[in-house]
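One structure below.
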Amino acid sequence: MKLKPLADRVIIQPTAAEEVTASGIYIPDSAKEKPLRGTVLAVGNGTKDEEMVLKEGDNVLYGKYAGTELDLDGDKVLIMRQSEVLAVVE
């Protein structure tokens, strides 16, 4: 399935959460922190009031409770407004 976000929304593929700590301790799924970093997969066209500054392929940081989680061809992705993205990682 292919999604094209509307207006100022973006689709983000979250980065995988750590499975093992530096000391070698395994972290179960129930104890993992929700990732706060991801890659932009698709962007909308923006709005007349807000120009789209993000582009496909950008690595970004977003808030802990930002976006709505969707299942896209078996992968978990987030759809959120551009304003929910905190920073672009360069």
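Going letter by letter, the sequence shown gives residues 1086 to 1175 in the numbering used here.
All C-beta atoms in this analysis are idealised placements derived from N, C-alpha and C, irrespective of residue type, glycine included.
One or two residues paired with residue i in a DSSP bridge
i, result
"D1093", "D1093 is not bridged to any residue."
"V1162", "L1155"
"T1124", "Q1098, N1144"
"V1170", "Y1147"
Cα-Cα separation between residue i and residue j, rounded to whole angstroms
i, j, result
"T1136", "G1152", "Reading off the sequence, residue 1136 comes out as Glu, not Thr. Going by the C-alpha atoms only, they are around 19 Å apart."
"D1143", "I1096", "11 Å"
"M1165", "L1121", "13 Å"
"K1149", "E1141", "21 Å"
"R1094", "Y1111", "35 Å"
"G1159", "M1086", "10 Å"
"G1131", "A1092", "5 Å"
Distance between beta carbons of residue j and residue i, contact taken as under 8 Å
i, j, result
"G1129", "P1090", "4 Å"
Residue i burial status per 10 Å Cβ neighbour count (16 or more: buried)
i, result
"L1171", "exposed"
"V1173", "exposed"
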